[in-house]
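So the structure is just underneath, and the comments pick up after that.
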Amino acid sequence: MTILALETSCDETAIAILRGRCRSGPPVGRTRPVASSELLASEVASQIVEHAKYGGVVPEVASRNHLVHAPRLLERAAHDAKIDISDVDAFAATSGPGLASSLMIGASIAKGLAIGFGKPYLAINHLEGHLLSPFFGDGEVKPNVSLIVSGGHTMSILVRELGNYEIIGRTVDDAAGEAFDKVAKMLGLGYPGGPEIEKRARGGDPKRFDLPRSMLDSENFSFSGLKTAVRYLLPKIVGRFCETPNDERRLTQTPYKLAEKDLTDLCASFQQAIVDVLVRKTIAAAQKHDVDLVTISGGVSCNQELRKQLRESCEREGLEFKTAEPWLCTDNAAMIAFAAMLKLENGFESKVAEEIDPNFALA
Ligand code: KG4
Ligand code: ZN
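Per our numbering: the sequence shown = residues 492 to 854.
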């Protein structure tokens, strides 16, 4: 079975072609044994440069770019996969959550192809794509506590089996990736901020600056206090003190130019504050819900310190730890194709009349 999937939920246009190879075995819960898979093509066109001059993603620009990139990527993916589009058995697209005008482009292309070739269409939840990505390639979805950490989302989920999810906690303000991006901006570092901060944090002292770990007793997350703490710390580090309310404006005059050692230590301290919260809450959730497996996905899960510290904590607590390779953690269409394949094998199919849903709930 060959699946072609499109991912256009935000500012990345992505197309992948995945081929499943059937594998026999006993059913896992109510989930049928799934095929192992072979990725035939995976194309991602980033629009970072196009949006950089506006200081954030502009939906209109994103959807116009998807229209430009998608046909080119489609052709390249079919060429890389050495297949004809007519050989594809099902077409899938991210149906939400995301930007409406962007989601519409990928979904419309997938629906058009499904109708044109008389094949099934699958509307996939972007978050389910992330959540299942740690299983990419093996396909057996075991019960787990899953942490999704990306630019738009931070949530922990109890995964009982494929399609049976319960949200344990989510951010009440900024997502973890959003905090990385905003703090990087204050420091005059590039976008996306996560990899920039991680790079500078290497060799830094994670204990030098005392930054808050918010809502530790809750199952939800909060990162906006941490971001604000960094904002208030910056003028102190560079020796510009705020004396009166009128000076408040100066606090927001970013970016701040820090000395090399200060920048390294601040990046290390900030990163450690996020890692501490994510590791602690994820382990607590796994213990509370009595699962043996912890998974992590989404762009922030590329962070090597987070992967290392979560892995070590899991080992200490006797939990198995699973994550995808970094290229599968940031937005891509391979994870959407993989989710579609698992769902199709379990009898799921969408109607082509189904609308995209910018607020598509996972559970
Ligand atoms: O999953 P993703 O590609 O897109 C969304 O669905 O949001 O995640 C992008 C986010 C950005 O906020 C980016 O700064 C963050 O993931 N990110 C990282 C790292 N690589 C990407 N954060 C921390 N460390 C990294 N190495
Ligand atoms: Zn994402």
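Virtual Cβ for every residue (Gly too), placed ideally from N, Cα, C.
For E503, which of T814, G660, P683 and R693 has the nearest alpha-carbon?
Per the Cα distances, P683.
Reference D848; option with closest CA among E836, I494, L784 and T499:
Ranking the options by Cα distance to D848, first place goes to T499.
What residues sit near the ligand ZN, counting only those whose C-beta is closer than 5 Å to one of its heavy atoms, in chain order?
Ordered along the chain, the selected set is S641 and D822.
Straight-line CA distance for L565 to I506?
Whole-angstrom Cα-Cα distance: 7 Å.
Classify G587 as helix, strand or coil using the three-state DSSP reduction.
G587: strand per DSSP, three-state reduction.
What first and last residue would you give for the beta strand (DSSP E) that runs through N616?
For N616, the enclosing beta strand (DSSP E) begins and ends at Y612 to N616.
Please indicate yes or no: does the CB of Q538 lie closer than 8 Å to some heavy atom of the ligand KG4?
No, the Cβ of Q538 stays beyond 8 Å of every heavy atom of the ligand KG4.
Who are the near neighbours of G520 in its chain, counting only those whose CB is closer than 7 Å to its CB and skipping five residues on each side?
Residue confidence for G520 is low, a pLDDT of 44 falling below 50, so the modelled location carries little weight; the figure read from the coordinates is stated next. The answer, listed in chain order, is E652.
For V729, which three-state DSSP category applies?
V729 sits in coil when the DSSP states are folded into three classes, being neither helix nor strand.
DSSP state of E710 mapped onto helix, strand, coil:
Of the three classes helix, strand and coil, the one that applies to E710 here is coil, per DSSP.
Report, in whole angstroms, the separation of the C-beta atoms of A568 and I508, which I expect to be a contact under 8 Å.
Cβ atoms of A568 and I508 come within 8 Å of each other, at about 5 Å.
Whole-angstrom distance between V770 and P550, CA atom to CA atom:
Taking the CA atoms as reference points, P550 sits about 33 Å from V770.
Give a single yes or no on whether C758 has its beta carbon closer than 8 Å to a heavy atom of the ligand KG4.
Using a cutoff of 8 Å, the CB of C758 does not count as near the ligand KG4, since none of the ligand's heavy atoms is closer than that.
Can you tell me whether S705 is helix, strand or coil according to DSSP?
Coil, per DSSP.
Where K690 and T755 are concerned, what is the direct C-alpha to C-alpha distance, given to the nearest angstrom?
Between K690 and T755, the C-alpha separation is close to 9 Å.
Local conformation of A598 per DSSP, three classes
In the three-state reduction of the DSSP assignment, A598 falls in the helix class, which pools H, G and I.
Taking 8 Å as the line, does the beta carbon of I688 fall inside it for any heavy atom of the ligand MN?
Although the ligand MN was asked about, the structure shown includes only the ligand KG4 and the ligand ZN as ligands.
Within its chain, find whatever has a CB closer than 6 Å to the CB of I765; leave out the 5 residues flanking it on each side and keep chain order.
Only A667 meet the Cβ criterion.
Nearest to F714 (by Cα), restricted to the options F700, V674, E751 and R693:
Answer by Cα proximity: V674.
Whether or not the stretch 614-629 and the stretch 812-827 are in contact is what I'm after, with contact meaning three or more pairs of Cβ atoms, one per stretch, closer than 8 Å; do they touch?
Taking a cut-off of 8 Å on C-beta distances, the stretch 812-827 touches the stretch 614-629, as three or more cross pairs fall below it.
Who pairs with L638 in a beta bridge, going by DSSP?
Partner(s): S647 and I787.
Mapping the DSSP letters down to three states, classify F812 as helix, strand or coil.
It is a strand residue.
What separation, rounded to the nearest whole angstrom, lies between the Cα atoms of F582 and G546?
Those two C-alpha atoms are separated by around 34 Å.
Under the three-state reduction of DSSP, which class applies to I576: helix, strand or coil?
Helix, per DSSP.
Using only the heavy atoms of the ligand KG4, determine whether one of them is closer than 8 Å to the beta carbon of A844.
Judged by the Cβ position, A844 fails to qualify as a neighbour of the ligand KG4 at the 8 Å threshold, every heavy atom of the ligand being at least this far.
Helix or strand or just coil, what does DSSP make of S592?
It is helical.
Determine the DSSP secondary structure at G603, reduced to helix, strand or coil.
G603 falls in the helix class under three-state DSSP.
Roughly how many angstroms lie between the CA atoms of A598 and L853, to the nearest whole one?
Going by the C-alpha atoms only, they are around 18 Å apart.
Tell me the rounded alpha-carbon separation between W818 and I606.
Distance between the alpha carbons of W818 and I606: 31 Å.
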